[in-house]
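**Q** This structure is in structure tokens; I'll ask about it shortly.
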Amino acid sequence: MRAARCEVHGDPDKIVIREMPDPVAGPGEAVVGIDAAAVNYPDVLIAADHYQVSFPTPFTTGSEFAGRVLSVGADVTGVAPGDRVMGSAMGGAFAEQIAVPASSLTTVPDDLDMIHAAAFNVTYRTAYHSLRTIGNMNAGDWVVVLGAAGGVGSACVDVATRLGGKVIAAASTRERADLCRPLGAIETIAYDEEDLKVRIKEITGGGADVVVDPVGGPYAEQSIRALTWGGRYVCVGFAQGEIPKIPLNLVLLKGAILRGFEIRTLAGHAPEAVTRGAEELTRLVADGMKPFVSETFSLNDVPRALTMVAERRATGKIVIDMTR
Ligand SMILES: NC(=O)c1ccc[n+]([C@@H]2O[C@H](COP(=O)([O-])OP(=O)(O)OC[C@H]3O[C@@H](n4cnc5c(N)ncnc54)[C@H](OP(=O)(O)O)[C@@H]3O)[C@@H](O)[C@H]2O)c1
């Protein structure tokens, strides 16, 4: 099989396509023939060795995929060859096949094709749990989404709208923020062109109930300053590169709640929330919800796809289509 390999840590253009042995399913594992794999910002960080967890080279890049089960190892129940499945892994998804624990796979809903299924798991689960499990979002809340034109951001706009939130999509430029209107944003803010705190306060009157922040940097404090009393700020990531430091007097004055979310560890801490989220997301998919996929690339073009994300040029989700 062919795979996109990181042989030296660095920029995406260092990634090379190699012929590799097909994986074999060990006990408890399934081998999936990958139809599509989504690009996530952490793929860029992992290749550069800037992620929380370091991966020794060489390794196959890519963390999220959808395809069909090709074979299963001993002791596997619940999935069988031919099943349409999606999953995520800490690497190995930018390849024609992957071996993963069979229990980590979920069935692709009938309403999703493989391209959209590949882009669903990480961003939509992150969006749902950031908003509901961590942000305690309710219908009618003012919800501010930073980095709204990105993968996590566009999923947050979509999910928050479908859960009855009044969504303000914030992105660097007006053009990028406006991409979120079809997803349900009722207001937009271009945070590199106007004052984020002032605009949130103007739009909401009393301030935001929930802020979801996958960007970090200076936008974090500005949005916390625009929370209503008792508002919730959810820290999801630092795509801007700078980890913000927040003055605690803001928390005191606003009775604010600052919480973080990490999908990697959620199941271990809150299995009941994972079950509830899966049920609610399945219902929303049946209602027509699906990721905003802006572009697809072939496996040969993995370096180009990752470069688009690294250079802040991507909108929504970029997907590697293995069938091309
Ligand atoms: N906690 C979790 O469980 C979890 C799960 C998934 C992802 N994440 C994290 O969430 C963050 C966003 O992920 P994503 O998949 O949504 O990425 P993405 O699609 O690349 O979106 C990130 C957004 O951040 C904004 N941004 C601002 N400064 C940037 C910079 N210097 N470089 C790149 N982007 C910049 C960009 O929007 P503008 O240009 O419009 O500002 C971009 O659309 C990442 O840090 C990722 O690691 C966390």
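Residue numbers (the working numbering): 3 to 326.
We put the beta carbon where it would ideally sit given N, CA and C, even for glycine.
#1: Among VAL110, GLY152, TYR130 and GLY93, which residue has its Cα nearest to the Cα of MET310?
#2: With H, G and I counted as helix, E and B as strand and the rest as coil, what does DSSP make of ILE322?
#3: Do ALA120 and ALA39 have their beta-carbon atoms positioned less than 7 Å apart in this structure?
#4: By DSSP, does SER225 sit in helix, in strand, or in coil?
#5: Compute the minimum distance between the beta carbon of GLY89 and the heavy atoms of ligand 1, and state whether it is under 6 Å.
#6: Run the proximity test for ARG178: is its beta-carbon closer than 6 Å to any non-hydrogen atom belonging to ligand 1?
#7: Quick one: give me the first and last residue of the alpha helix (DSSP H) that THR125 is part of.
#8: What does the alpha-carbon distance come out to for the pair VAL212 and LEU286?
#9: Between which two residues does the alpha helix (DSSP H) containing GLY153 stretch?
#10: How big is the Cα-Cα spacing for ALA173 and ALA150?
#11: Would the beta-carbon of THR2 fall within 7 Å of that of ALA157?
#12: DSSP three-state call for HIS204: helix, strand or coil?
#13: Leaving out five residues before and five after ASP51 in sequence, what residues of the same chain have Cβ atoms less than 6 Å from its Cβ?
#14: Would you call THR125 buried or exposed, if buried means 16 or more other Cβ atoms sit within 10 Å of its Cβ?
#15: Taking the straight line between their C-alpha atoms, what separation do you get for ALA162 and ILE170?
#16: Determine the burial state of PRO184: buried for a count of at least 16 other Cβ atoms within 10 Å of its Cβ, exposed for fewer.
#17: Could you tell me whether the segment 100-118 touches the segment 24-40, using the rule of 3 or more Cβ pairs below 8 Å?
#18: Helix, strand or coil for TYR235, going by three-state DSSP, please let me know.
#19: Just list the beta strand (DSSP E) runs in the segment 60-143, keeping only unbroken ones of 3 residues or longer that don't cross its boundaries, in chain order.
#20: Are there 16 or more other CB atoms within 10 angstroms of the CB of ALA228, so buried, or fewer, so exposed?
#21: Quick check: PHE67 and ALA49, are their CB atoms within less than 7 Å of each other?
#22: Only counting the same chain, and skipping five residues up and downstream in sequence, which positions put a Cβ closer than 7 Å to that of ASP180?
#23: Restricting to Cα atoms, I'd like to know which of THR206, ARG86, GLU244 and ASP143 is closest to GLY219.
#24: Sorry if obvious, but does the Cβ on TYR130 come closer than 6 Å to a heavy atom of ligand 1?
#25: Restricting to Cα atoms, I'd like to know which of ALA241, VAL321, ALA210 and ALA222 is closest to GLY233.
#26: How far does the beta strand (DSSP E) with GLU21 in it reach, from first residue to last?
#27: Across which residues does DSSP place ASP215 in a beta bridge pair?
#28: Hey, is PHE67's beta-carbon within less than 7 Å of any beta-carbon in chain C?
#29: Alpha carbon to alpha carbon, how far is VAL238 from TYR130? Give it in angstroms, no decimals.
#30: Taking DSSP's pairing of strands, which residues face LYS168 in a bridge?
#31: Can you tell me the Cα-Cα spacing of ALA82 and VAL71, whole angstroms?
#32: For ASP45 and VAL276, I'd like the C-alpha separation in whole angstroms.
#33: Taking the C-alpha atoms as reference points, what is the distance between ARG306 and MET324?
#34: Going by DSSP, what residue range makes up the alpha helix (DSSP H) through ASP45?
#35: Is there contact between the segment 258-275 and the segment 3-18, where contact requires at least three CB pairs shorter than 8 Å?
**A** A quick look at the data gives this:
#1: Within the sequence shown, numbered from 1, the residue matching residue 310 stands at position 308. When VAL110, GLY152, TYR130 and GLY93 are compared, the shortest CA-CA separation from MET310 is found for GLY152.
#2: Counted from its first residue, the sequence shown places residue 322 at position 320. Three-state result, ILE322: strand.
#3: Reading the sequence shown from its first residue, position 37 is the one you call residue 39. Reading the sequence shown from its first residue, position 118 is the one you call residue 120. Taking a C-beta distance under 7 Å as the contact criterion, ALA39 and ALA120 qualify as a contact pair.
#4: Working through the sequence shown from its first residue, we reach residue 225 at position 223. If DSSP states are grouped into helix, strand and coil, SER225 belongs with the helices.
#5: Within the sequence shown, numbered from 1, the residue matching residue 89 stands at position 87. Not one heavy atom of ligand 1 is found less than 6 Å from the C-beta of GLY89.
#6: Working through the sequence shown from its first residue, we reach residue 178 at position 176. In terms of side-chain proximity, the C-beta atom of ARG178 is found nearer than 6 Å to a non-hydrogen atom of ligand 1.
#7: Working through the sequence shown from its first residue, we reach residue 125 at position 123. Element bounds for THR125: 123-130.
#8: Translated into positions along the sequence shown, residue 212 becomes position 210. Translated into positions along the sequence shown, residue 286 becomes position 284. When the Cα atoms are used, VAL212 and LEU286 turn out to be separated by approximately 21 Å.
#9: As a working mapping, residue 153 is identified with position 151 in the sequence shown. For GLY153, the enclosing alpha helix (DSSP H) has its first and last residue at 153-164.
#10: Start at 1 with the first residue of the sequence shown, and residue 173 comes out as number 171. Start at 1 with the first residue of the sequence shown, and residue 150 comes out as number 148. The straight-line gap from Cα to Cα measures roughly 6 Å.
#11: One cannot answer for residue 2 here, as it falls past the ends of the chain, which runs 3 to 326.
#12: For the purposes of this step, residue 204 is taken as the residue at position 202 of the sequence shown. The sequence as given places Glu at residue 204; His does not occur at that position. Helix.
#13: Stepping through the sequence shown from its first residue, residue 51 is reached at position 49. For ASP51, where only same-chain residues beyond five positions count, the Cβ hits under 6 Å are HIS11.
#14: For the purposes of this step, residue 125 is taken as the residue at position 123 of the sequence shown. It is buried - the Cβ of THR125 has at least 16 other Cβ atoms within 10 Å.
#15: If you number the sequence shown from 1, residue 162 lands on position 160. If you number the sequence shown from 1, residue 170 lands on position 168. So the two alpha carbons sit approximately 10 Å from each other.
#16: In the sequence shown, residue 184 corresponds to position 182, counting from 1. PRO184 should be labelled exposed.
#17: Touching, per the Cβ criterion.
#18: As a first step, residue 235 is located in the sequence shown; it is residue number 233 there, counting from the start. Three-state DSSP puts TYR235 in a strand.
#19: If one requires a minimum length of 3 residues, the beta strand (DSSP E) runs lying completely within the segment 60-143 are 66-74, 86-90 and 99-103, in chain order.
#20: Residue 228 sits at position 226 when you count from the first residue of the sequence shown. Burial call: buried.
#21: Here residue 67 corresponds to residue number 65 of the sequence shown, with the count starting at 1. Here residue 49 corresponds to residue number 47 of the sequence shown, with the count starting at 1. No, the pair does not count as a contact, with Cβ atoms beyond the cut-off.
#22: Residue numbering aside, residue 180 sits at position 178 when the sequence shown is read from its first letter. Same-chain partners within the cutoff: THR190.
#23: Taking the first residue of the sequence shown as position 1, residue 219 is located at position 217. Just measuring C-alpha positions, the residue of THR206, ARG86, GLU244 and ASP143 sitting nearest GLY219 is GLU244.
#24: Taking the first residue of the sequence shown as position 1, residue 130 is located at position 128. Checking the Cβ of TYR130 against ligand 1 gives no.
#25: Sequence index remark: in the sequence shown, residue 233 carries index 231 (1-based). Looking at the Cα atoms, ALA210 is the closest of the given residues.
#26: Position 19 of the sequence shown holds residue 21. Note, GLU21: beta strand (DSSP E), 18-21.
#27: Reading the sequence shown from its first residue, position 213 is the one you call residue 215. CYS237.
#28: Of the chains in the structure shown, none is chain C; there is only one protein chain.
#29: For the purposes of this step, residue 130 is taken as residue 128 along the sequence shown, with counting starting at 1. For the purposes of this step, residue 238 is taken as residue 236 along the sequence shown, with counting starting at 1. So the two alpha carbons sit approximately 12 Å from each other.
#30: Here residue 168 is taken as the residue at index 166 of the sequence shown, counted from 1. Answer is TRP144.
#31: Within the sequence shown, residue 82 is the residue found at index 80, counting from 1. Within the sequence shown, residue 71 is the residue found at index 69, counting from 1. Using only the alpha carbons, I get a separation of about 6 Å.
#32: Sequence index remark: in the sequence shown, residue 45 carries index 43 (1-based). Sequence index remark: in the sequence shown, residue 276 carries index 274 (1-based). Looking at the two C-alpha atoms, the distance is approximately 23 Å.
#33: In the sequence shown, counting from the first residue as 1, residue 306 sits at position 304. In the sequence shown, counting from the first residue as 1, residue 324 sits at position 322. When rounded, the distance between both Cα atoms is 15 Å.
#34: Translated into positions along the sequence shown, residue 45 becomes position 43. For ASP45, the uninterrupted alpha helix (DSSP H) segment begins and ends at 43-50.
#35: Result no; under three Cβ-Cβ pairs closer than 8 Å.
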